[in-house]
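>
Residue numbers (this note's numbering): 80 to 167.
1. Might you give, ordered along the chain, the residues of its own chain that have their beta carbon closer than 8 Å to the beta carbon of residue 153, omitting 5 neighbours on each side?
2. From residue 90 to residue 122, what distance separates their C-alpha atoms?
3. For residue 88 versus residue 94, is the C-beta spacing smaller than 8 Å?
4. Less than 8 Å between the C-beta atoms of residue 163 and residue 134, yes or no?
5. DSSP on residue 141, reduced to helix/strand/coil?
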């Protein structure tokens with residue numbers, strides 16, 4: 080990088096980074112992350128179940144606070160989002 084502009088000359092002249100031999104040897108982190116996300120997404124889609132609950136339906140609710148029962152029974156009072164419900 081240039082000391083005044085803090086940019087590489089190729090970035091200023093060509094408006095892009097040049098590929099080097101090191102770039103060819105070491106794959107970019109962005110590509111690796113995107114590939115891992117695709118695998119995770121496909122695995123999730125294979126095993127995820129879509130659940131719809133109606134108002135007034137009895138459900139089990141997980142309580143993550145310490146010292147409390149883990150699962151409690153409740154009744155769906157309203158739908159607050161595509162996969163979120165208000166339970167009492």
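Where a beta carbon is used, it is the ideal one built from N, C-alpha and C, also for glycine.
Quick look at the numbers:
1. Sequence index remark: in the chain shown, residue 153 carries index 74 (1-based). Take residue 153, set aside five residues on each side of it, and the residues of its chain with a beta-carbon closer than 8 Å to its own are 137, 138, 139, 140, 166 and 167, in chain order.
2. Residue 90 sits at position 11 when you count from the first residue of the chain shown. Residue 122 sits at position 43 when you count from the first residue of the chain shown. Spanning the two alpha carbons is a distance of roughly 39 Å.
3. The residue given as residue 88 occupies position 9 in the chain shown. The residue given as residue 94 occupies position 15 in the chain shown. No, they are not a contact pair.
4. Position 84 of the chain shown, counting from 1, holds the residue named residue 163. Position 55 of the chain shown, counting from 1, holds the residue named residue 134. Not in contact: residue 163 and residue 134 (Cβ atoms no closer than 8 Å).
5. The count along the chain shown starts at 1 and reaches residue 141 at position 62. In the structure shown, residue 141 falls within a strand segment according to DSSP collapsed to helix, strand and coil.
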